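Chains as they are written, first to last, in the working numbering: chain V, 457 to 799; chain H, 457 to 799.
Shown next, in the form of structure tokens:
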């Protein structure tokens with residue numbers, strides 16, 4: 457059945473592989489008849505794991521790979537040397553057209569490097585950014601770039617804005633998504649050299665809805681849908697989000713356990729609190745897509761459990777059906793024509 | 457009485473001036489007999505405000521200044537043109553030796569510029585950083601730099617590490633404070649160009665306790681006492697801290713109000729929760745000191761109320777008694793000698 461969206465899953469990658477990766481794949485195919493999962497990893501191990509599950513057989517295929525790339529390995533070396541690793545084999549399934557998308561909870565570095573050198577960039581894309589969705593008070597925003605490519609140039613940030621807009625509009629269904637650049641003040645003249653150079657380029661960019669500078673304080677409140685920044689700053693925002701969230705929730709729990717009175721209160725409050733806090737959970741959105749590649753590459757948390765793996769697999773359906781890579785190609789191609797001399 | 461620590465307060469600066477600035481000054485002198493406050497601003501207005509309060513008269517003196525610098529004014533122009541503003545007059549009281557310290561809730565930009573051009577840098581200090589204390593699960597950490605000087609060089613960051621160590625050790629009483637550099641991974645080879653260049657310099661710095669890279673995720677948990685970064689990144693961390701905190705606490709409140717059951721629970725939980733969350737409140741520490749100047753310059757939140765103004769004034773006592781500026785001068789002077797050729 458050729459209409460399946462085909463997803464290669466690095467079944468050996470991540471802290472909880474292969475138990476949770478296999479379980480996530482099973483849950484995904486049980487939830488959607490639109491997807492076929494290629495589980496890549498040590499065949500015997502994966503088949504043994506699968507034996508304990510019930511699922512439509514035609515929707516999961518095991519692809520053997522004997523090696524595993526560890527998180528601590530230097531990415532470039534690992535990609536080059538471990539040709540028979542689950543990570544490299546899975547990426548190759550996207551490269552050779554067998555699969556539309558790739559999902560891994562394994563090494564971020566190896567996925568970022570492999571995405572570029574194995575799957576390859578769309579023509580014209582200077583840098584493929586890693587763009588996770590982060591929760592906000594009003595929904596979610598795309599934080600672009602949180603990848604490994606630090607010290608970006610203004611032209612990279614302009615492409616991030618365009619690619620992020622395509623993603624938010626066509627995958628998340630946000631009409632005319634608001635694009636903001638992370639800055640340390642709302643005024644146009646503020647910022648570091650990179651932001652000052654990028655600001656007018658974004659302002660003059662006809663095919664995005666640029667709203668100007670966004671202060672980090674306003675991101676959680678939902679100030680913009682596409683948050684443009686270079687990778688170092690993006691990483692700092694993402695990690696501060698996670699860290700403050702974890703510490704604050706621990707403080708709330710600690711506060712609730714200080715007296716008998718508060719403990720009784722906690723029991724009453726818990727179910728309602730769980731629901732609202734879930735909406736602010738970074739892991740609910742599945743993995744972060746790496747945009748601007750010839751196929752879809754999704755990186756999920758190293759600590760992913762079945763639910764996040766499942767969500768990451770399912771998000772590949774919309775991405776593929778909406779032909780996001782084609783839309784990005786068109787948007788970047790337009791740019792190339794415009795920037796060429798006219799005569 | 458010459459043993460007073462003398463603090464010039466920009467009484468007209470901030471969203472709630474002069475009501476809260478005057479109230480904060482009154483509370484400070486009522487709490488400590490060690491401090492004398494010079495309230496700088498429109499004399500009639502300030503005297504009218506003071507008339508409603510009871511306090512030791514000899515501990516507050518009004519100094520007239522007819523102008524006010526607004527937050528939106530371009531800092532350099534404002535400092536140059538408004539010589540009779542409360543902000544400039546207050547800084548001049550530090551410059552001419554009348555006062556030891558300056559506190560303002562007014563324009564951050566004008567305070568940063570005025571601190572440098574009026575109070576002046578300690579000899580050898582390349583850049584005076586703004587260094588707020590941020591709450592962590594285990595206490596607090598100094599985030600240095602969050603100022604207006606973006607695009608820093610490695611040598612600036614090394615000085616930040618030294619000045620921050622002096623502050624945490626002698627003002628906050630942290631023995632041998634742990635210094636970390638904000639990075640996007642724990643490994644030495646990770647980071648952007650600035651971090652990669654700075655890392656070995658910090659590693660080889662004999663008079664700080666350098667613990668290496670700190671990921672933003674680990675800051676709220678208390679990974680280091682002195683968090684070194686350039687101002688753009690520092691500002692992003694500080695603002696994300698504030699934004700995520702505000703949004704999460706709003707979500708917790710929202711969750712508690714969703715059902716009758718949770719509302720009853722909320723009533724029982726509230727007092728205990730208030731106590732633990734207070735420990736994670738960014739405003740409890742008073743203002744952020746600007747380090748490396750000939751006198752102490754403290755910038756508090758624009759939205760400061762009396763309590764924060766009071767805390768900012770009181771923190772000037774320890775700073776002055778501990779002779780922090782002298783200690784910084786010594787530390788930076790040592791550096792100069794070491795870096796000179798020996799023969």
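Cβ atoms here follow ideal geometry from the backbone N, Cα and C, with glycine treated the same way.
Computed from a predicted structure; not experimentally measured.
query                                                                                                                    : result
Nearest candidate by alpha-carbon position, reference residue 692(V), set 488(V), 543(V) and 600(V)                      : 600(V)
Residues near residue 606(H) in its chain [Cβ-Cβ closer than 7 Å; skip 5 each side]                                      : 686, 687 and 688
Member of 713(H), 676(H) and 719(H) whose CA lies at the smallest distance from the CA of residue 698(H)                 : 676(H)
8 Å Cβ cutoff met for residue 634(H) and residue 681(H)                                                                  : yes
Reduced DSSP category for residue 473(H) - H, G, I as helix; E, B as strand; rest coil                                   : coil
Residue 531(V) classed as buried or exposed, judged by whether at least 16 other C-beta atoms fall within 10 angstroms   : buried
Helix, strand or coil at residue 626(V) [DSSP, three-state]                                                              : helix
Chain V contacts from the segment 713–737 of chain H (Cβ-Cβ distance under 9 Å)                                          : 713, 714, 715, 717, 718, 719, 720, 721, 722, 723, 724, 725, 726, 727, 728, 729, 730, 731, 732, 733, 735 and 736
For residue 594(V), the three-state DSSP class (helix, strand or coil)                                                   : coil
Residue burial classification, residue 533(V) (beta-carbon count within 10 angstroms, cutoff 16)                         : exposed
Proximal chain H residues relative to residue 697(V), where beta-carbon distance stays under 8 Å                         : 696 and 700
Short-range partners of chain V found in the segment 662–683 of chain H, where Cβ spacing is below 8 Å                   : 671, 672, 673, 674, 675, 676 and 677
Three-state class that DSSP yields for residue 498(H) in the structure shown                                             : coil
Segment contact flag, the segment 610–620 of chain V with the segment 769–778 of chain V, C-beta cutoff 8 Å, min 3 pairs : no
Backbone secondary structure at residue 532(V) - three-state DSSP                                                        : helix
Cutoff 8 Å: residue 649(V) Cβ touching any chain H Cβ                                                                    : yes
Per-residue DSSP class, three states only, for residue 747(H)                                                            : coil
Cutoff 8 Å; reference residue 735(H); Cβ partners in own chain excluding five residues on either side                    : 591
Short Cβ contact (8 Å threshold) for residue 585(H) with residue 570(H)                                                  : no
Under 8 Å between C-beta atoms of residue 558(H) and residue 684(H)                                                      : no
contact_flag[the segment 490–501 of chain H, the segment 464–474 of chain H] where n(CB pairs < 8 Å) is 3 or more        : yes
CB of residue 773(H) within 8 Å of CB of residue 581(H), strictly                                                        : no
Per-residue DSSP class, three states only, for residue 459(V)                                                            : coil
Local Cβ density within 10 Å of residue 649(H), reported as buried at 16 or more and exposed below that                  : exposed
Within 8 Å, strictly: CB atoms of residue 464(V) and residue 555(V)                                                      : yes
Cutoff 8 Å: residue 589(V) Cβ touching any chain H Cβ                                                                    : no
Contact set for residue 619(V): own chain, Cβ-Cβ below 6 Å, skip 5 residues either direction                             : 747, 748 and 784
Exposure of residue 767(V), with buried meaning 16 or more beta-carbon neighbours within 10 Å                            : buried
Residue 756(H) at chain V interface by Cβ criterion, 8 Å                                                                 : no
Cα-Cα separation, residue 651(V) to residue 660(V)                                                                       : 14 Å
Straight-line Cα distance separating residue 541(V) from residue 782(V)                                                  : 29 Å
N-terminal and C-terminal residue of the beta strand (DSSP E) that residue 557(V) is part of                             : 557–560
N- and C-terminal bounds of the alpha helix (DSSP H) containing residue 719(H)                                           : 716–734
Strand pairing of residue 683(V), partner residues [DSSP]                                                                : 599(V) and 636(V)
Range covered by the alpha helix (DSSP H) that runs through residue 652(H)                                               : 649–659
Residue 669(V) to residue 513(V) span [Cα, whole Å]                                                                      : 50 Å
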